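Numbering (the working numbering) for the sequence shown: 10 to 478. Down below is the structure, laid out as structure tokens.
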Amino acid sequence: MSQKARLERWLDKGLVRLGRRSLYWQVFMLIGLVCLLVLPLFGAVPQYHWQTPWNNGQLFSEWVLWAIWYPGTLLSVLLVGRLWCGILCPLGAMSEWFSHIGARFPIPSFIKHPMTTAMSFIWVTIWAQTLDVRDDLRAALLLFALIFALAVGCGLLFGSEHKQGRRVWCRHLCPIGSILGVFSRLGVVNLVRKQAKGQRPRISEGYRDNGLCPTSIDLASKQTARHCIKCARCVNPESKGGLTVQIRQLGTEIIKIDRHAPCLSELWFIWLAPGLAVAGFVWAQTPLYVSFRQALGQFALSQHWYGWLQAGPSWLMNQNAALNQHYLWLDFFSISGFMLGFALLLAVPLLLCSWLASYAFHANQSRRSQRMAAFGYQFAPMAMLCILLGLGSTLFATLKQVVGNDVMFLELGLLVMALLFNGVSAWRWTAALNVSLACRILLNGLLLIGCALLSAATLWSIFPTLLFH
């Protein structure tokens, strides 16, 4: 037995042991999250510059949530895929627990639609900014409470018909799951079917309600990592059937995306999410947002829309008297419009590059949409970096307090690493295509244009005040 095979077998057994103890981890994480969100609210409100995460409970909770949990969970998919979802996440666990006693309504088609998860991410990302969850723990509590309610509601509405739990929330609606699912395709650890020698794998991945898998994967046709939450219920090292751990090179599933059920909804996510994440970070720091808000306010006054200058509901936008922070409807529309506008501004050129590339090659796919998807997935590494630097900006702000402005060299180093990784994986992808050298050069040129745009967005997140003075 090779060293790789021994490692995979050891991981098989370890994953099974983790799965058997997942209930304890999930209860522990639930208690920890409640403590982080609730207990510090009884302490002092952070109002002064000398207050830090080390002497103020609310700042400490915000730091744990947005500097440790969020970027840590995102980066973890590069190694272990969606292990967080299956073993640790209290939201998915609660949804599954309640599915045992829930009604058995059929899942509506609009929830099952592939675009639902992408829309969930967009909606929650914008909502989190208008609530200002990174700087107001009360707003973070409200956000998590409503998301918990939605997760539990999914369990109560779409219950399981047998003893196996059901995770409609994790499969179709979770905004964090949508991020982890897309980028788990880059991961090193994957679960694959045990196949007899010479057996041909299926090309498409099926959907099966109330099977063994809580996220409704048809295990007999499993081809992707995006919906697999590593709960280990399908893993039995001693059995000849089921799934087993596979160690693969980083980015393998993206490079061979034609064999792993490409999905256009994920492509829209890769196009839109980077711009949304970057704009969600820079809007509070860039002069461009100030100009945009002023222009929008002047337009509202010219139309006599005076309601835009009134404070909105606290469940939709931040209203915190202790911080002297009161968002107006103008703030809500300007933040939302700025984020969506920049997301579209970055997505359209990526869409155009993918559309042009679909005319340049003919791989195994016959439809143009499949060729667009195969090309668009190659932007995934750079898209992941944009999301990390944008929505995980609290981590780098913390590092800046420790090492000063030198943190920008870490961010620039991550950008260089992502570019190199993206370039190598894209070259390997085009090398596997049965196309001419001229076509390969054209495809790599289009990929270079897209990566350059994503790099520009990344640089804006690192230096938000240098542009648009």
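Glycine included, C-beta positions come from ideal geometry on N, C-alpha and C. No experiment lies behind these values; they were computed from the predicted model shown.
May I ask which residues mark the beginning and end of the alpha helix (DSSP H) holding residue i?
i       : result
Val-254 : Element bounds for Val-254: not the alpha helix (DSSP H) but the beta strand (DSSP E), 252–256.
Ile-344 : 338–367
Leu-451 : 446–471
Trp-277 : 273–291
Leu-84  : 79–89
Tyr-33  : 31–47
Cys-395 : 389–400
Leu-74  : Where Leu-74 is concerned, there is no enclosing alpha helix (DSSP H), given that its DSSP letter is neither H nor E.
Asn-431 : 416–441
Tell whether a beta-carbon distance below 9 Å holds between residue i and residue j.
i       : j       : result
Glu-17  : Val-177 : no
Val-47  : Leu-152 : no
Leu-456 : Ala-286 : no
Leu-325 : Trp-136 : yes
Ile-185 : Thr-82  : yes
Leu-88  : Thr-125 : no
Asn-327 : Ala-148 : yes
Ile-188 : Phe-114 : no
Leu-423 : Leu-397 : yes
Just curious, the beta strand (DSSP E) that residue i is in, first and last residue?
i       : result
Leu-200 : 198–202
Take the Cβ of residue i as the centre, count every other Cβ of all protein chains shown within 10 Å, and call the residue buried at 16 or more, exposed below.
i       : result
Gly-207 : Residue confidence for Gly-207 is low, a pLDDT of 47 falling below 50, so the modelled location carries little weight; the figure read from the coordinates is stated next. With fewer than 16 Cβ atoms within 10 Å of its Cβ, Gly-207 is classed as exposed.
Leu-394 : buried
Asp-21  : buried
Gly-459 : buried
Asn-506 : The chain is shown only over 10 to 478; residue 506 falls outside these bounds and no answer can be derived.
Gln-56  : exposed
Leu-462 : buried
Glu-247 : exposed
Ser-402 : buried
Gly-260 : buried
Thr-61  : exposed
Please name the residue in the options whose C-alpha comes closest to that of residue i.
i       : options                               : result
Gly-321 : Ser-311, Phe-342 and Arg-302          : Phe-342
Ser-300 : Glu-420, His-313, Ser-311 and Ile-344 : Ile-344
Val-43  : Gln-60, Trp-19 and Val-73             : Val-73
Leu-468 : Gly-190, Gly-174 and Gly-284          : Gly-284
Ala-382 : Ala-466, Pro-390 and Cys-272          : Cys-272
Val-54  : Phe-351, Asn-219, Leu-419 and Gln-334 : Gln-334
Glu-214 : Cys-237, Cys-98, Trp-436 and Leu-92   : Cys-237
Gly-346 : Pro-80, Leu-50, Gln-138 and Gly-41    : Gln-138
Leu-195 : Ile-156, Ile-263 and Gly-422          : Ile-263
Ser-193 : Arg-235, Gln-173 and Phe-119          : Arg-235
Leu-365 : Leu-353, Gln-379 and Leu-354          : Gln-379
DSSP puts residue i in a beta bridge; with which residues?
i       : result
Ala-14  : DSSP, once it has assigned bridges, lists no residue as partnering Ala-14.
Arg-113 : Phe-167
Asn-329 : Gln-334
Ala-320 : Leu-337
Val-411 : Paired residues: none, contrary to the question.
Val-244 : Leu-252
Ile-226 : Tyr-216
With a threshold of 8 Å (Cβ to nearest heavy atom), would residue i be considered close to the ligand SAM?
i      : result
Phe-69 : Because no ligand of any kind appears in the structure shown, any question about the ligand SAM cannot be addressed here.
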